[in-house]
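Participant:
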Amino acid sequence: MQATVKRRLTKVALALVVAGYCAAPAVAANGNLKSGQWQIVSEQTGTIQGTVPWITRAADKTADTDKDHVTVTIDRGDRKIVTEGDKQFHVGDKVTVNWAIGDTEGDLDTDNAATKLTVQWMRYSDQNGSNPEEIGTKGSDTYEIQAGDADHYIGIKITPTTTTGDPAVAAELLLKDLSTDAGGGADGDDIPEGPVVDENVHVVIYESGSTTNLLGTSTPLKTNTTYKVLLWKDKEGGTAGKYDTGEEVTSQYDYRWKFVGTSKIAGTGTGGIVNESWNDKDLVIPVTNAEAKTAFEGAEGGVTVGSDGVQGFGLSINYRRK
């Protein structure tokens, strides 16, 4: 009996030992699967960046040809406009620039407020941006042209800026002549190309060998005669309204001749610009009507020399800053 009991206990004990040995790994494995933790990486990558903003003429003008350009408007006040030259920038005109922000990611500059703060009005001595000078108030989109701006080209410095996104600031943009497309404005607006008109420049047309100004007079002109141009401007210390030695500025301007009125007596000639071979030169009125026709016709929309030749016409010029 004792031997039999021992054998049974040994089997039970052995069974429990075996069962316990096998169950422990299963419980441990299940516990490990349920209690896994997130491991934190202490390092990070660089930040996500988009692209820099740019300016364009307007929200509805976003072609490549509109980029890096502004829309220019002008308030001429009560200044009388007759010719294209009258539409050029003049002292006293108020010039305003406007634009829209372009941005690949859709970043914004509400009401152009951030970019407007960067606007700096400039004047240059030529269209290449020579002799730059800051003018006006920084952060203003409007500038009133001053007397000191005469014969200068008006431009701006502007930095495209947004109030969202990264990067939010582009490189500073230099627009060197707002009267032209090439200079940051437009060729199709109501502002002809050119510097600020200096209304203090005086024009003289006189006969070779004389010093008498024939402009504004009824003195008859002659054939077989040479006529000349003098442009001058009052200098400080000179006689106001009177030409003094050292005040000539002819070399600073281009000029072209034009015949004014209608020929006499047949009336078959019509005034207009003389062909460009006479630009910046003395004008020689020939003797015969045929010679005059050959000498002066040829400009697009220019003078028509009829059977009267140039008899009956008056003389004048157009001029512009070089």
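Heads up: the sequence shown is residues -28 to -1, 1 to 294, going by mature numbering (1 follows the signal peptide of the UniProt record, and there is no 0).
For every residue, glycine included, the Cβ atom is placed at its ideal position computed from N, Cα and C.
With H, G and I counted as helix, E and B as strand and the rest as coil, what does DSSP make of Glu220?
Facilitator: strand
Participant: For the alpha helix (DSSP H) that Lys88 lies in, which residues bound it at each end?
Facilitator: Ala85 to Lys88
Participant: Out of curiosity, what's the CA-to-CA distance linking Ala72 and Thr131?
Facilitator: Whole-angstrom Cα-Cα distance: 12 Å.
Participant: Name, in chain order, the residues that DSSP records as bridge partners for Gln21.
Facilitator: According to DSSP, Gln21 bridges with nothing at all.
Participant: How about Phe231 and Gly239: are their beta carbons less than 8 Å apart?
Facilitator: no
Participant: To the nearest angstrom, how far is the alpha carbon of Ser223 from that of Tyr215?
Facilitator: 16 Å
Participant: Out of curiosity, what's the CA-to-CA distance linking Thr(-25) and Gly8?
Facilitator: Confidence at Thr(-25) is low in this model, with a pLDDT of 48, below 50, so the placement of that residue should be treated as unreliable; the coordinate-derived value is given next. Rounded to whole angstroms, Thr(-25) to Gly8 spans 50 Å at the Cα level.
Participant: Along the chain, where does the beta strand (DSSP E) containing Thr183 start, and where does it finish?
Facilitator: Taken as a continuous stretch (DSSP letters only), Thr183 belongs to no beta strand (DSSP E), as it is neither H nor E.
Participant: What three-state label does DSSP hand Ala(-26) in the structure shown?
Facilitator: Note that Ala(-26) scores 48 on pLDDT, short of 50, meaning its location in the model is unreliable and no value can be drawn from it.
Participant: CB-CB under 6 Å to Arg48, same chain, minus the five flanking residues each way: which ones, in chain order?
Facilitator: Asp65
Participant: Pick from Ile27, Thr234 and Thr197: whose alpha carbon is nearest that of Glu179?
Facilitator: Thr197
Participant: Along the chain, where does the alpha helix (DSSP H) containing Thr266 start, and where does it finish?
Facilitator: Residues Asn261 to Phe268.
Participant: Is the beta carbon of Thr234 sitting closer than 8 Å to the one on Gly284?
Facilitator: Contact annotation: Thr234 and Gly284 have beta-carbon atoms nearer than 8 Å.
Participant: With a cut-off of 8 Å on the beta carbons, I'd call Ile163 and Phe61 a contact; round off their distance for me.
Facilitator: 7 Å
Participant: Could you give the DSSP three-state label for Lys200: helix, strand or coil?
Facilitator: Here Lys200 sits in strand by DSSP.
Participant: Between the C-alpha atoms of Trp250 and Tyr291, what's the straight-line distance to the nearest angstrom?
Facilitator: 13 Å
Participant: Kindly indicate which three-state DSSP category Ser249 falls into: helix, strand or coil?
Facilitator: Helix at Ser249.
Participant: Can you find the residues in the same chain that come closer than 6 Å, C-beta to C-beta, to Thr242, ignoring five residues on each side of it along the sequence?
Facilitator: Contacts found: Thr276.
Participant: Look at the Cβ atom of Thr134, then the Cβ atom of Ala86, and state whether they are nearer than 8 Å.
Facilitator: In this structure, Ala86 lies closer than 8 Å to Thr134 by Cβ.
Participant: What residue from His174, Glu77 and Thr17 has the CA that sits closest to Gly137's CA?
Facilitator: Out of His174, Glu77 and Thr17, Glu77 has the C-alpha closest to the C-alpha of Gly137.
Participant: Starting from the N-terminal side, write out each stretch of the alpha helix (DSSP H) that is 4 residues or longer and does not extend beyond the stretch 39 to 68.
Facilitator: Correct list: empty.
Participant: Measuring alpha carbon to alpha carbon, tell me which of Val63, Ser102, Thr109 and Asp153 ends up nearest Thr90.
Facilitator: Thr109
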